[in-house]
Every structure is written in structure tokens, then in C-alpha cells.
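Chains as they are written, first to last, in this note's numbering: chain A, 192 to 536; chain V, 6 to 224.
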């Protein structure tokens, strides 16, 4: 069931200089996100992803187009109605944005106070949330006494206080070290699985997307350049921007400097083939080489497991009689497609 | 020194007058300055209630009155005091003049300290469903309370200074005491006694302000 739908949304901001044209942050974006999904929006800074996130809870309103949450166009809502809507949409931030003047419990209680809940209910709910994020012992501490990871867990507890259906994460792990990032991502996975909350994550790290998202949307210059399942995007990136993001975490087909370095070390023939779930029989490829007396060495690549689905790129240096190598490749081509030197960028 | 002994009742009265003027000017100027500071903060571009016109007008007013030397402002506001039914001289007038002079400085200090609240914190409150006015009147002042207390402490010290100057127009207080009994009667001991009392007042205020801010900031 579609929970979030953006239809042909643009958002432009007035330029800093009066004579300059307005800055178009979001340019004709349409997307829909299903209930229960974890959707990653990835892009470099200035790609418009932050603005898209803020359109979802009405912190920004679109210049044109519509933003529907659960079938309701929120661009038509009054400020008061938007505030009610925000109780149904939690948000966490890169810099955590906790209230320094409030304790951990006070921070988590804030949205409940805004929603006008009773004191006893607030106390109970805060205790429950702090248990969920594992910070019960920190209730009376102040934010400055917490580590980055703990702060973000408080941020998550605060965002979940009013039992929202949607959680927006704005670069939620970008200020954290790798271990803490894993800890926070694991918590977000629990939020999605145990509480069934739809999560929209914006990030510039493909690692975050691979770790928690089902679906990824790649943005560049205010537009969506690619949209698909994480497996499809990672194993078969189409656009240049996507390929760059994918290359940051996946050992793919070596090109450029990487390729030149491999070439230097291995003067013979080098081929790369791609494995994607059941479509390529690795064993058949290797036995074809063996049958033709071709020796091979794995010099680059790896196998990736995206929630149980396998893909990868393997680059081999081949040694043997040139004719035998050609015959081996011809035989193996029945099972896999090979990238050779001529076609590298 | 003997002369100083004789003047002790006058010194005590002058100290009380100084504290009286400072306290009431702090209350009047402090409250109006707080409101003006909140207005400046709120109407600034990108803030909670951005309004170029209102911000522009307030900004010009503050910038016009704040740099006027106090001794000139003191005499300049005399007709204004009379117009609102206050005496143009004495302790009530001093409260009036010091309040007016301080409120512009206070509004700037309030504005600048409120600006220390990170925009992200305000965004988090808005994302939690808080209204703009609730954020402006409840969250932002609370988040900036530590620096605000330090700002007000700074202002109190400036108020003691202004109060002393108000002695020049017969407002009473330690300034007048130093001029009348010390300077005009060639008795530096009397002047130094007034200086000493002022130093004690200022130190006490600063100490209390620092202590309060430390407690609020938990450092």
C-alpha cells in the first residue's frame, strides 16, 4: 500500500543575490514509497535529497506538485493540521539536535508534551521508549554527557514518542564512527521490523543503503536518476552517478587507475565476468578454463550478499597458450559475459 | 578620613539609591529589552516569523538609540519623562532614563544570545509538531538561558555605571555622592569610598551571574 507519494514536485528557493535566478533544489520529482518499506535516498550534497525529506513532513512546501501522505495532499493543509500530521512522522538528524536544556527523558517527552498527553502517560511512554533504545539508565542525564551513538538513540526515541507511522532519517549516521553507525542502523532495522514503521533515509553513503534499505532512489541535481531495489541498483547500476556510489562499496569492473595498476602487475590477458544470482554458473566458467589448460588467478573483485541475494564481479589474470585462452573464453562465454580490455573506460 | 565617617549615613543612602535605580531600571529595561530582543530574533530572515519590514524598522531604531552617549541621552529624554507625567529630575527620572538607555543594549544582547540556539534544534521541535510561537516563547529562551544570564549580568554592571552617571542630573546614588562630597570638596577619600562600594556591588553581581550561569549550563 502506498503511504507516501510525490507527484511532479519542484521546489525552488530564491537566490542569494536579487538578480540571480531562483535555485531549483528539487526538479520534477515523482516517487512513491510503500507502507513498511525502508527507502534510501542517496545523492551528493546539493542533490536535493534533504529538501525532498523536508517536503514529507511539511517543513518545506513544494513550489509545484503534490505531496501525499496516506492519500492526503499535505500541501493543502493549514499550519495547525501540519502540526498534527508531524505527530505521525518522526524525524532524526545528522547532528542529533537534542535539547541541551532537557534531560534524556525530557527530550523524549517533548513531542508528547506538544501532543498534550497526560503526565502519567508521558512518564510511562518515556520509560518504554528508553527501554526500547537501551538507555533506561541515562534517563536523568543531559545530552552533553552522552556519546554520539547514545545521542542518536535518544533522537530515535524522541522521534518515536508519538508512535509515528513514518520515520525520516536525515544523514542520521554521517556524524558517527563505523561501529556506532552499525549500532544505530541495527536499531533502525528493529524500528522497521518490530514496530512496522516506514523509514525514509537520506544519505551520501551507499554502505547505509546496503545495510538497511529495501529500495534506493538516486538523486542528482534535483532529479531522480535511478529508482529500484537495492539489489538491482547495486548489481546493475545504470547512470554514471549511481555507478560512482556503487563503486564506493562494491569491487566492480576495474577501470581507470585501478585497471592500469592491475595491467602493470599482470601483463597477460585479463578478463572480468559478472555473477548475478542464478544467472551465472561460476563453477562452469572455472571448469572451462581448467579443461583448456588455462591457469587463472583471481586478481580483483568480490561476491556480495544483499539480504540473501548474491552478485559480484570477478577479474581474472589468465596464463597459457593464447589459442587455448581464446577457446576457454569462448567456451565460458556460454555461461557468463566477459568484459575485456578494449571495453574498459 | 574623619569627614568620611561623618558622611557614612549619606554613603549608605547613596548605596541604597544606586541599588534602587539599578534594580528598577533592570526590571523595566530588562522586560522591554527582552520583548524587543525576541522580536528582533523572530523577525530576522530565516527565523520563526521572518518579516523584513518589521525587522528593518526595529533594527534601525535599536541602531539609532544604542550608540547615543548616556550622558546626552539622559538630558535628551527629560521632556519625554515630563510628557508621560514623570518628574524631569531625581530618582524616578533616573530609573526612567536608565531603563530607556539600557533597553536597546539589552535587546541586542537578548537577540545575539537567542541566535546561539542551533537552527537544527528549532527544526527538531517543529518536526515534533511544536508551534512557532511555542518554540519562540518557551523552547528558544530555555535553550539560550545560560548565555542569557551572562548577558544580563553584563548589563547589570553597565546599569550601575549609568546609574552613577545619572548623579550628574541630581538623581542621587553613588555617582552623585562622589561628585558632591568627594570631587567638589577636594576629598578623594570620599570618592574612593564610593568607588569601593561600586566595586563590591559589581563583583557581587558578576559572581552571582557566573554562579547562576554555571548551574544552568551544568559546568
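Glycine included, each C-beta is placed from N, C-alpha and C at the ideal position.
These numbers come from a predicted model, not from an experiment.
{"query": "Any C-beta of chain A under 9 Å from that of residue 103/V", "result": "no"}
{"query": "CB contact below 9 Å: residue 115/V versus chain A", "result": "no"}
{"query": "Where residue 206/A sits in the DSSP three-state scheme", "result": "coil"}
{"query": "Which residues DSSP lists as bridging residue 365/A, in chain order", "result": "Looking at the DSSP assignment, residue 365/A forms no beta bridge with any residue, so it has no partner."}
{"query": "Cross-chain neighbours of residue 125/V in chain A, by beta carbon under 9 Å", "result": "284, 285, 286, 287, 288"}
{"query": "Neighbour-count burial assignment, residue 362/A, 16 or more Cβ in a 10 Å radius", "result": "buried"}
{"query": "Residue 488/A (DSSP reduced to helix, strand or coil)", "result": "strand"}
{"query": "Three-pair Cβ contact test at 8 Å for the segment 416 to 428 of chain A versus the segment 388 to 395 of chain A", "result": "no"}
{"query": "Contact with chain V by residue 352/A, beta-carbon distance below 9 Å", "result": "yes"}
{"query": "Contact list for residue 301/A against chain V, beta-carbon separation under 9 Å", "result": "129, 130, 133, 135, 144"}
{"query": "Neighbour flag for residue 13/V against chain A, beta carbons, 9 Å", "result": "no"}
{"query": "Endpoints, alpha helix (DSSP H) assigned at residue 67/V", "result": "57 to 70"}
{"query": "Cβ of residue 119/V within 9 Å of any chain A Cβ", "result": "no"}
{"query": "Contacting positions in the segment 318 to 348 of chain A - beta carbon closer than 7 Å to chain V", "result": "333"}
{"query": "Identified DSSP bridge partners for residue 157/A", "result": "No information on residue 157/A is available, as it lies outside the stretch 192 to 536 that chain A covers here."}
{"query": "Contacts of residue 495/A in chain V (Cβ-Cβ under 7 Å)", "result": "Near residue 495/A there are no residues of chain V at all, since even the closest Cβ is about 35 Å away, more than 7 Å."}
{"query": "Three CB pairs or more closer than 8 Å across the segment 140 to 153 of chain V and the segment 119 to 131 of chain V", "result": "yes"}
{"query": "C-beta contact flag for residue 460/A and residue 483/A at 9 Å", "result": "no"}
{"query": "Whole-angstrom C-beta distance between residue 413/A and residue 217/A, which should lie under 8 Å", "result": "5 Å"}
{"query": "Status (buried if at least 16 other CB within 10 Å, exposed otherwise) for residue 77/V", "result": "exposed"}
{"query": "Cβ-based neighbour list, residue 240/A, same chain, cut-off 7 Å, excluding 5 preceding and 5 following", "result": "232, 234, 393, 410"}
{"query": "CB contact flag (residue 432/A, residue 475/A, <9 Å)", "result": "no"}
{"query": "Beta strand (DSSP E) runs contained entirely in the segment 203 to 257 of chain A, provided each spans 3 or more residues", "result": "214 to 225, 229 to 233"}
{"query": "Close-in-space but distant-in-sequence residues of the same chain around residue 287/A (CB under 7 Å, 5 per side omitted)", "result": "342, 343, 346"}
{"query": "Alpha helix (DSSP H) runs wholly inside the segment 417 to 490 of chain A, at least 4 long, in chain order", "result": "421 to 426, 431 to 438, 447 to 456, 473 to 482"}
{"query": "Own chain residues within Cβ distance below 8 Å of residue 173/V, not counting five before or after", "result": "76, 79, 180, 181, 184"}
{"query": "Own chain partners of residue 82/V with C-beta closer than 6 Å, once the 5 adjacent residues on each side are dropped", "result": "102, 105"}
{"query": "Segments assigned alpha helix (DSSP H), at least 4 residues, entirely inside the segment 153 to 212 of chain V", "result": "179 to 182"}
{"query": "Residue 411/A - containing beta strand (DSSP E), residue span", "result": "406 to 411"}
{"query": "Contacting positions in the segment 148 to 165 of chain V - beta carbon closer than 8 Å to chain A", "result": "148, 150"}
{"query": "Residue 270/A beta carbon less than 9 Å from that of residue 137/V", "result": "yes"}
{"query": "Where residue 8/V sits in the DSSP three-state scheme", "result": "helix"}
{"query": "C-alpha distance - residue 398/A paired with residue 207/V, whole-angstrom precision", "result": "58 Å"}
{"query": "N-terminal and C-terminal residue of the alpha helix (DSSP H) that residue 93/V is part of", "result": "From DSSP, residue 93/V is part of no alpha helix (DSSP H); its letter is neither H nor E."}
{"query": "Residue span of the alpha helix (DSSP H) that contains residue 518/A, given as start and end", "result": "513 to 523"}
{"query": "Which residues DSSP lists as bridging residue 543/A, in chain order", "result": "No information on residue 543/A is available, as it lies outside the stretch 192 to 536 that chain A covers here."}
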